[in-house]
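Residue numbers (my numbering): 251 to 534. Worksheet for the structure shown next.
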Ligand SMILES: NC(=O)c1ccc[n+]([C@@H]2O[C@H](COP(=O)([O-])OP(=O)(O)OC[C@H]3O[C@@H](n4cnc5c(N)ncnc54)[C@H](OP(=O)(O)O)[C@@H]3O)[C@@H](O)[C@H]2O)c1
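Here it is as structure tokens:
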């Protein structure tokens, strides 16, 4: 297939370019510098020129707290950018696969969210990503994921390891639960959905819901450190409080994968060990 990837410089985008390349597909990966998705003309030119069969739309403004202070920028990138991609995709009959987020939910559900649950974003980022979902046409899929960590770019595994190297104890909230997801596993699943020409909403995460507190403990364990150095803290006690509210429960159920007969992804502890080992090789 001919596959165009937006946000190719991001942590998921990097893995998407590798996975599709390794699968023998013709890949055009555009990072922010080579394609600004807020330019309708640039999006049109890139898509019409490459004439992809599928577009994996990974570009987004992902700075959740910064989005609160600049909603126009959040909507320009996450909603209008997606509109431009959907518009040009229709011209060349390309499928659009849009990566979305657990932050479209308000987090008040007691159990895991299925694909058909009511959305109710609490942050500007979540609302702008949901607006992007609404820009898609018929030949498209929405792949909602959560708590993404990967080798490329900043993420919570790197943050936890850095704090652990600088401080004796680390505090993480124990009242926000979600599913950590590793960018390489996510990219492989996205490639499968693209190749099978799936449409509709899919929740795609690694298995094993945890709180951030539990996740930080797992990161220390995976790097051979004492997990008891991590202390639980309530979101309400965070100093300073974070500008964007986060859902207390954003655990995603993989109902659409399961009901499609697709194997769901591994427990997050496997790819976590892989990532910690790979990061260790770089720093040693
Ligand atoms: N990270 C998570 O925990 C998480 C969770 C759920 C869903 N997602 C979704 O997963 C997708 C990939 O996220 P990620 O974790 O790979 O984030 P990321 O590393 O921030 O990658 C997003 C990329 O989009 C680029 N970008 C920003 N504005 C752009 C614009 N106007 N035009 C073109 N590119 C632009 C960024 O480039 P610059 O950095 O150079 O601006 C960045 O390389 C996003 O759609 C995100 O909403 C992420």
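Where a beta carbon is used, it is the ideal one built from N, C-alpha and C, also for glycine.
Through-space distance from residue j to residue i, alpha-carbon basis
i, j, result
"residue 254", "residue 480", "41 angstroms"
"residue 316", "residue 379", "14 angstroms"
"residue 495", "residue 373", "6 angstroms"
"residue 293", "residue 340", "12 angstroms"
"residue 382", "residue 439", "21 angstroms"
"residue 445", "residue 523", "28 angstroms"
"residue 414", "residue 470", "8 angstroms"
"residue 376", "residue 329", "11 angstroms"
"residue 503", "residue 362", "5 angstroms"
"residue 368", "residue 391", "18 angstroms"
"residue 279", "residue 321", "27 angstroms"
"residue 274", "residue 267", "11 angstroms"
"residue 530", "residue 338", "42 angstroms"
"residue 528", "residue 359", "36 angstroms"
"residue 259", "residue 286", "12 angstroms"
"residue 388", "residue 318", "30 angstroms"
"residue 335", "residue 295", "11 angstroms"
"residue 291", "residue 403", "28 angstroms"
Span of the beta strand (DSSP E), counted from its first residue to its last, around residue i
i, result
"residue 394", "390 to 395"
"residue 254", "252 to 256"
"residue 450", "450 to 453"
"residue 589", "The structure shown does not extend to residue 589, since the chain is modelled only from 251 through 534, so no value can be given for it."
"residue 346", "345 to 351"
Alpha helix (DSSP H) segment containing residue i, residue limits
i, result
"residue 509", "505 to 509"
"residue 270", "261 to 272"
"residue 438", "433 to 445"
Assumed close pair residue i, residue j - CB separation to whole angstroms, cut-off 8 angstroms
i, j, result
"residue 297", "residue 342", "6 angstroms"
"residue 264", "residue 304", "Their Cβ separation, rounded to whole angstroms, is 18 angstroms, which puts residue 264 and residue 304 out of contact at 8 angstroms."
"residue 396", "residue 483", "With a Cβ gap of about 21 angstroms, residue 396 and residue 483 do not count as contacting."
"residue 463", "residue 487", "Their Cβ separation, rounded to whole angstroms, is 13 angstroms, which puts residue 463 and residue 487 out of contact at 8 angstroms."
"residue 426", "residue 461", "6 angstroms"
"residue 252", "residue 307", "15 angstroms between Cβ atoms; not a contact."
"residue 365", "residue 457", "Not a contact, Cβ separation roughly 17 angstroms."
"residue 410", "residue 443", "At roughly 30 angstroms, the Cβ-Cβ gap does not stay under 8 angstroms, so residue 410 and residue 443 are not in contact."
Point to revise | Minimum length 3: unbroken beta strand (DSSP E) runs contained in the segment 370 to 421 | key: 390 to 395
Practice item. Quick one: which unbroken beta strand (DSSP E) runs of 3-plus residues sit fully inside the segment 266 to 330? Chain order, please. Key: 276 to 280 and 304 to 307
Review point. Where are the beta strand (DSSP E) runs, 3 residues long or more, that stay fully inside the segment 456 to 513, in chain order?
Key: 480 to 483
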